[in-house]
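Novice: Let me begin by handing over the structure; questions about it come next.
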Amino acid sequence: MWRSRNEILAGLFGDPSGKVRRRWMEAQHARGVGRDYRITPPVGDSFQFLILGDPGEGDASQYAVVPGMLKLGKDTAFTVIASDVIYPTGSGNEYGDKFFRPYQAYDAPIYAIPGNHDWYDGLGGFMRVFCDAPPLRPTPERGPRGLLWRKPEKIDEARLAEARKLRGSPNQQSVQPGPYWVIESGSLLVVGIDTGIKGVIDKEQVEWLRRTSLDPRPKILVTGKPIYTRNDYKPSRLEGGGTVDDIVRDPAHRYVAAIGGDVHNYQRYPIRVGDRVIQYIVTGGAGAFMHATHTIRRVDVAGVHEDDFRCYPLRGDSLSFYSQLYARRLRMKWLYLTPAEAACIMVDQIGNSPVRALDATTVITRRMRWAARILGAYPWPFRLPVDKVFHRYLSELSDWDEPPFFKQFLHLSVTPEALTVRCFAATGCLPAEQDPPLEDEVVIGLS
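Under UniProt numbering, read the sequence shown as residues 1 to 447, first letter to last.
Okay, here's the thing in structure tokens:
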């Protein structure tokens with residue numbers, strides 16, 4: 001928590017990400033990097049790729065995703081990491097066990113956009129690994145932020161060079177132009193943006209994003225901060241006014257989806273914008289500790305009907321997971337709700353059509369309702385930490401390294417006519433490794 005203190009300091013004293021990002025981009029321009037930030041992989045009009053969100057804990061929950069990723073990703077052209085490549089502070093000295101080793105057998109390039117945790121190291125590790133950039137010259141910070149701000153780690157170059165050998169084949173090599181970029185193909189543009197620590201986009205990046213969005217080809221946005229999450233609307237602000245979602249919604253820009261990390265689960269909101277539907281997706285389940293879904297209230301944001309909303313884990317599985325965690329930690333066996341019990345509780349609370357058939361023999365009891373209240377499934381003022389407080393202060397103490405995990409990744413198939421987005425689960429159990437479960441699928445027209 002102390003190593004991640006820059007998150008709190010940025011909220012108290014201002015987020016310096018925009019200023020530091022400008023320095024990184026000026027240094028990239030001085031090295032000869034152009035200002036269009038284009039990546040042109042050797043793909044045709046039809047191809048496949050993966051998206052992993054928030055992977056880099058380096059523990060069992062991250063490695064559990066790898067078998068399914070390798071199986072379904074064997075014919076993919078590349079992978080994109082959407083936010084928080086490395087926990088807890090994006091250090092370049094942790095990429096060996098948290099990036100190069102887990103993905104050493106994936107025989108294609110991996111591109112990334114940084115998340116807030118990657119920024120806690122001043123983006124030094126991210127820029128060194130993905131952009132081959134030398135470190136910036138230190139500039140002293142003044143005031144309280146300067147006194148408390150965590151300084152970037154000096155990268156052990158010999159250690160990093162040894163780690164790079166794990167992904168040393170020619171097919172795996174790539175150097176991206178910066179922390180934001182556009183991957184182009186004849187059928188689709190994949191636009192990646194850098195949202196820093198607090199989600200504000202700097203002026204130079206805004207100008208680039210507006211220029212790039214004028215390209216007539218269909219696009220998806222990959223962002224470090226999801227625009228819709230937990231039945232709330234959280235568009236990232238643009239320096240100078242407006243939001244990222246203003247750009248996404250503009251029909252002239254032809255965005256068909258906005259996919260964000262940062263939140264450690266899967267959610268999908270089909271939002272009607274005029275005469276079209278834009279898919280807003282959260283995908284942050286590729287390794288980091290799971291964020292609860294059972295505390296998401298009945299969905300109605302932007303007119304989305306609850307039964308059109310999708311999430312993974314299902315709310316009942318999330319409630320059962322947290323009940324087991326707290327039952328163990330607090331030695332209170334009565335708190336535990338089986339998956340069948342928790343599923344019945346959540347349908348009773350949300351009033352949705354169950355995605356999975358309920359156990360007809362399960363009867364909701366007073367004990368089950370009290371456990372669910374305490375775990376946040378019902379509105380209740382006195383409940384155990386399961387959301388922000390839990391993940392800021394308790395998740396490190398409650399790390400879960402025993403299957404089943406509720407991890408996930410995205411597989412995307414592109415043709416000139418359609419983009420198909422599939423969410424696959426990774427549980428750490430052998431059947432899921434051999435045949436990754438499909439949790440959600442949506443086909444988006446491109447023509």
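By construction, the Cβ of each residue, glycine as well, lies at the ideal position given by its N, Cα and C atoms.
Would you mind reading off the limits of the alpha helix (DSSP H) that contains LEU330?
Specialist: 315-330
Novice: What residue from THR415, PHE406, VAL200, ARG249 has the CA that sits closest to PRO428's CA?
Specialist: A small correction: the amino acid at residue 428 is Gly; Pro does not occupy that position in the sequence shown. Closest option to GLY428, Cα to Cα, is PHE406.
Novice: Using the C-alpha atoms, what's the distance from GLY287 back to GLY261?
Specialist: 12 Å
Novice: Kindly indicate which three-state DSSP category PRO270 falls into: helix, strand or coil?
Specialist: strand
Novice: Could you name the residues of the same chain whose beta carbon sits closer than 7 Å to that of ASN93, not counting the 5 residues immediately before and after it, in chain order?
Specialist: GLU153, ILE155, ASP156, ARG159
Novice: Which value, in whole angstroms, describes the spacing of the CA atoms of residue 455 and LEU70?
Specialist: An answer regarding residue 455 cannot be provided, because it is not within the stretch 1 to 447 covered by the chain.
Novice: According to DSSP, which residues form a beta bridge with CYS311?
Specialist: GLN267
Novice: Pick from TYR106, VAL65, ILE86, CYS131: whose alpha carbon is nearest that of ASN116?
Specialist: ILE86
Novice: For the stretch 49-68 against the stretch 206-216, do three or more pairs of beta-carbon atoms, one drawn from each stretch, fall closer than 8 Å, so that the two count as touching?
Specialist: no
Novice: Give the DSSP-derived three-state secondary structure of LEU214 in the structure shown.
Specialist: coil
Novice: Which residues does DSSP pair with LYS219 in a beta bridge?
Specialist: LEU189, TYR255
Novice: Please specify which runs of the beta strand (DSSP E), each continuous and at least 3 residues long, are wholly inside the stretch 349-418, giving them in chain order.
Specialist: Those beta strand (DSSP E) runs which fall completely within the stretch 349-418 and span 3+ residues are 407-414.
Novice: So if DSSP puts ARG422 in a beta bridge, which residue, or which two residues, is it bridged to?
Specialist: In the DSSP output, where bridge partners are listed per residue, ARG422 has HIS411, GLU441.
Novice: List, from N- to C-terminal side, the alpha helix (DSSP H) runs of 4 residues or more that fit wholly inside the stretch 80-119.
Specialist: 116-119
Novice: If I'm right that PRO270 touches VAL263 with Cβ under 8 Å, what's the distance once you round it to whole angstroms?
Specialist: Not quite, the Cβ-Cβ distance comes to about 18 Å (not below 8 Å), so this is no contact.
Novice: Which residues mark the beginning and the end of the alpha helix (DSSP H) in which GLU57 is found?
Specialist: That residue, GLU57, is in no alpha helix (DSSP H); it is neither H nor E in DSSP.
Novice: How big is the Cα-Cα spacing for LEU325 and ASP202?
Specialist: 40 Å
Novice: Suppose you measure from the CA of ILE39 to the CA of SER413; what does that come to, to the nearest Å?
Specialist: 18 Å
Novice: From SER61 to TYR103, what distance separates their C-alpha atoms?
Specialist: 14 Å
Novice: Look at the alpha carbon of PRO42 and the alpha carbon of PRO379, and state the distance between them as a whole number of angstroms.
Specialist: 52 Å
Novice: Helix, strand or coil for ILE247, going by three-state DSSP, please let me know.
Specialist: helix
Novice: Answer with buried or exposed for PHE100, where buried requires no fewer than 16 other C-beta atoms within 10 angstroms of its C-beta.
Specialist: buried
Novice: Identify, in the order they occur along the chain, each residue of the same chain with its Cβ nearer than 6 Å to the Cβ of ASP359, setting aside the five sequence neighbours on each side.
Specialist: ALA340
Novice: Give me the Cβ distance between PRO134 and GLN28, rounded to the nearest whole Å; I'm assuming they're in contact under 8 Å.
Specialist: Contact doesn't hold; Cβ gap of about 10 Å is too wide.
Novice: With burial defined as no fewer than 16 other Cβ atoms inside 10 Å of the residue's Cβ, what is the status of residue 451: buried or exposed?
Specialist: In this structure the chain extends from 1 to 447, so residue 451 is not present and cannot be described.
Novice: Who are the Cβ neighbours of ASP97 in its own chain at under 7 Å, not counting the five residues just before and after it?
Specialist: Around ASP97: GLY58.
Novice: For THR218, count the other beta carbons within 10 Å of its own beta carbon; 16 or more makes it buried, fewer makes it exposed. Which is it?
Specialist: Contrary to the premise, residue 218 reads as Pro rather than Thr in this sequence. By the 10 Å Cβ count, PRO218 comes out buried.
Novice: Classify PRO16: buried if its beta carbon has 16 or more other beta carbons within 10 angstroms, exposed otherwise.
Specialist: buried
Novice: Going by other Cβ atoms of all chains shown within 10 Å of its Cβ, with 16 needed for buried, is PRO251 buried or exposed?
Specialist: Sixteen is the threshold: since fewer than 16 other Cβ atoms of the shown chains lie within 10 Å of the Cβ of PRO251, the residue is exposed.
Novice: Kindly list the residues whose CB is nearer than 6 Å to the CB of HIS291, restricted to its own chain and excluding five residues on each side of it in sequence; keep chain order.
Specialist: If we look at HIS291 and ignore the five residues flanking it on each side, its Cβ neighbours are VAL263, HIS264, ASN265.
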